[in-house]
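Numbering (this note's numbering), first residue to last: 430 to 1065.
First the structure, in the form of structure tokens, and then the observations on it.
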């Protein structure tokens, strides 16, 4: 058995089921780029604002009530939704995790550092003697601990505490949160381990956190319990509840599931935990089950934006190909969950499709969740808005904002990986990469164009392999090394490999064919037949009402006979397209929305040029309608 040493978000110790290893923390540095700008604004704006919004919501005060023994009313006791009250601790933990990963690049603003110190002090002092920690149950009725596993969220909150603790341990060498997390985790092992209750948490999260805790501490009890939690699902231990057992992924044993079902974020977090548990237990059957479910999700339950979750009821996956644009839920946390689960699967088996989905979900589903100025958020991300849908500064259920913060703070960790004599580049972004085989400088404006120049700054081995992902959408993919054209044929896994003797200063010039393209859906997707979307590289584009003057988005069809063209960026949007279309206008609206074909076809049609912007940038230039999918114009 090979034991690995690495220190990022995901740090596998057992290599038996791995095809690649994550690079160590700090091995990838983002340089000025679309992605680095999002990370910078996250650090400079979102994280500092986030703690004040948590303070305003009462999150720190909840811990203070217990730490100072002052008593009083829990800050969320007046929440309209009874299930909001018991998971709010996790929002603070996610914010702390963001601070942890960000601080690896240097201390944050003095106020942020001071408030993080205050939060840690309160958390330490609020913990019960036996390790228990959940401010809702501690302040309201301690006798009800672990009595509502369906919606109690105690283990869910512990999961986020563990992840914050690991970020502080790995990025800051600060063990204070880890000590708190271990005491609580030890209590959970006692309560739910081999000699305890056979039960599971209604919201998966604890599984991947326990595995990471085992990796960090070397205590296998934690990963054993994580595996047990995965295998206990599907026995109806949580009951039917308000949405049915499938909502909690408790209808069918995980190893027997052929697809994803139920609450989308829960399913994605469970998938992440299942892969982590499988890797440490060397459980090929569990890993195969997780990969099978991922395949099914991508094939029939994923939006073009990489978002998932098509039903508002239960925030859940729907049936196969149930992907409505206007009622798309596509929770921002779900896009983050797609990235988390996919990354873990990618490490166990290099597959360009998996890296493609990470890219799609990142640049579209995830980045759309936060405004370009870093001050407002989307909880849901529809693909069709008829009136307006504004981002909000915060939410009563505030899971998404700090989830975005912690993900952007660590996003560079998903760029590259390595194996014994190979460096894999999964995401093209301007960066500096340090692997065992080499130090690389990546220069590119991707995703705004497809030109990528990789310079070998230092080669530490005589021969090694550079593996480059060839995106499935790429029109073409060409490579030169030192000006000499190389054969650019991807393998079955979607990666182009160049194995050779590398010298310091070698330059690999990559050209990824990126032209605006029209994308059509399978006919299985009801509501999208005869419609078309516009993409450019990994970016999905959309039209906004603010650019159409007197036109209504619903009156516009696209003419695919004409090619979209780039236009000048629209501040603050970094890229925009002009797409040929037709405007269908009726001088009088019928009193009945149905009729004979010849009657409904009686419309005035005029040519129109439709301005389209990246989906991640919509809603930043004013409020109004939004549309991703458009009817095809009869004029071609």
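Just so you know, even glycine gets a beta-carbon here, dropped at the ideal spot from N, CA and C.
Counting beta carbon pairs with one atom in the stretch 751-765 and one in the stretch 437-456, are three or more of them shorter than 8 Å?
Contact fails between the stretch 437-456 and the stretch 751-765, because fewer than three Cβ pairs, one in each stretch, are under 8 Å apart.
Which one of 888, 660 and 837 has the shortest CA to CA distance from residue 932?
Checking every option, the nearest Cα to that of residue 932 belongs to 888.
Neighbourhood of residue 600 by C-beta, 7 Å cutoff - its chain only, sequence neighbours within 5 removed:
For residue 600, where only same-chain residues beyond five positions count, the Cβ hits under 7 Å are 454, 529, 530, 532 and 533.
DSSP state of residue 859 mapped onto helix, strand, coil:
The three-state reading of DSSP puts residue 859 in coil, since its state is none of H, G, I, E or B.
Rounded to whole angstroms, what is the Cα-Cα separation between residue 731 and residue 1044?
Spanning the two alpha carbons is a distance of roughly 16 Å.
Cβ contact check for the stretch 895-909 and the stretch 489-508: 3 or more pairs under 8 Å:
Verdict: no, contact absent.
For the stretch 993-1011 against the stretch 956-969, do three or more pairs of beta-carbon atoms, one drawn from each stretch, fall closer than 8 Å, so that the two count as touching?
Remark: three or more beta-carbon pairs, one from each stretch, lie closer than 8 Å, so the stretch 993-1011 and the stretch 956-969 are flagged as touching.
From residue 1048 to residue 463, what distance separates their C-alpha atoms?
Each residue's Cα considered, the two are about 17 Å apart.
Whole-Å CB distance - residue 1012 paired with residue 975, under 8 Å assumed
The C-beta distance from residue 1012 to residue 975 rounds to 16 Å, too long to meet the 8 Å contact threshold.
DSSP bridge partner residues for residue 504 (one or two, in chain order):
According to DSSP, residue 504 bridges with nothing at all.
Express the C-alpha separation of residue 850 and residue 921 in angstroms, rounding to a whole number.
Their backbone Cα atoms lie some 19 Å apart in a straight line.
Roughly how many whole angstroms lie between the Cα atoms of residue 1081 and residue 953?
Because the chain here runs from 430 to 1065, residue 1081 falls outside it and cannot be looked at.
Express the C-alpha separation of residue 960 and residue 950 in angstroms, rounding to a whole number.
For residue 950 and residue 960, the distance between alpha carbons rounds to 7 Å.
May I ask which residues mark the beginning and end of the beta strand (DSSP E) holding residue 886?
First-last of the beta strand (DSSP E) with residue 886: 880-888.
Give the straight-line distance between the Cα atoms of residue 715 and residue 929, rounded to the nearest whole angstrom.
In this structure, the straight-line span from the alpha carbon of residue 715 to that of residue 929 is close to 36 Å.
Measure how close the beta-carbons of residue 446 and residue 708 come, nearest whole angstrom, since I'm counting them as under 8 Å.
The pair is a contact, with the Cβ atoms about 5 Å apart (cut-off 8 Å).
Buried versus exposed call for residue 978 [16 or more other C-beta atoms within 10 Å across all chains shown]
By the Cβ neighbour-count rule, residue 978 is exposed, with fewer than 16 other Cβ atoms within 10 Å of its own.
For residue 514 and residue 754, I'd like the C-alpha separation in whole angstroms.
Just so you know, the alpha carbons of residue 514 and residue 754 end up roughly 31 Å apart.
In angstroms with no decimal places, state the Cα-to-Cα distance between residue 432 and residue 647.
Note on residue 432: pLDDT 45, under 50, position unreliable in the model; the coordinate value appears next. Straight-line spacing of the CA atoms in residue 432 and residue 647 works out to 11 Å.
Answer yes or no: do residue 702 and residue 615 have a C-beta to C-beta separation smaller than 8 Å?
Not a contact, by the Cβ cut-off of 8 Å.
Would you grab the beta carbon distance between residue 1062 and residue 987 for me? Rounded to a whole angstrom, and I think it's under 8 Å.
Residue 1062 to residue 987, Cβ: 6 Å. Contact.
Taking only beta-carbon atoms, is residue 762 less than 8 Å away from chain C?
Absence of chain C from the displayed structure is noted, only one protein chain being present.
Here's a check: name, in chain order, each residue in its chain whose Cβ is nearer than 6 Å to the Cβ of residue 1046, leaving out the five neighbours to either side.
Excluding sequence neighbours, residue 1046 sits near 1002.
So, are the CB atoms of residue 750 and residue 955 less than 8 Å apart?
Taking 8 Å as the Cβ cut-off, residue 750 and residue 955 qualify as a contacting pair.
Identify whether residue 759 lies in helix, strand or coil by the three-state DSSP scheme.
Taken through DSSP and simplified to helix, strand or coil, residue 759 comes out as coil.
Taking C-alpha atoms, which residue in 554, 838, 775 and 595 lies nearest to residue 923?
Looking at 554, 838, 775 and 595, the one whose alpha-carbon comes closest to that of residue 923 is 775.
For residue 522, is the classification buried or exposed, using 16 other Cβ atoms within 10 angstroms of its Cβ as the cut-off for buried?
Residue 522 counts as buried, since no fewer than 16 other beta carbons sit within 10 angstroms of its beta carbon.
If you drop the 5 nearest sequence neighbours on each side, which residues of the same chain put their C-beta closer than 7 Å to that of residue 626?
Closer than 7 Å at the Cβ level, and outside the excluded window around residue 626, lie 620.
For residue 994, three-class secondary structure by DSSP:
Assigned with DSSP and collapsed to three states, residue 994 falls in strand.
Note down the Cα distance separating residue 878 from residue 995, rounded to an integer number of angstroms.
Straight-line Cα distance between these residues: approximately 11 Å.
Stretch pair the stretch 828-845 + the stretch 760-772: three plus CB contacts closer than 8 Å
The count of Cβ pairs closer than 8 Å, one atom from the stretch 828-845 and one from the stretch 760-772, reaches three, so the stretches are in contact.
Whole-angstrom Cβ separation of residue 963 and residue 1041, contact assumed at under 8 Å?
Indeed they touch by this definition, with Cβ atoms about 6 Å apart.
Tell me, please, which residues DSSP counts as bridged to residue 640.
Paired residue(s): none; residue 640 is not in a bridge.
Measuring straight from C-alpha to C-alpha, what distance separates residue 721 and residue 782?
Rounded to whole angstroms, residue 721 and residue 782 show a C-alpha spacing of 14 Å.
Can you round the beta-carbon distance between residue 551 and residue 496 to whole angstroms, since I take them to be within the 8 Å contact cut?
With a contact defined as Cβ atoms closer than 8 Å, residue 551 and residue 496 qualify at about 5 Å.
Residue 823 versus residue 665: straight-line alpha-carbon distance, rounded:
When rounded, the separation of the alpha-carbon atoms in residue 823 and residue 665 is 35 Å.
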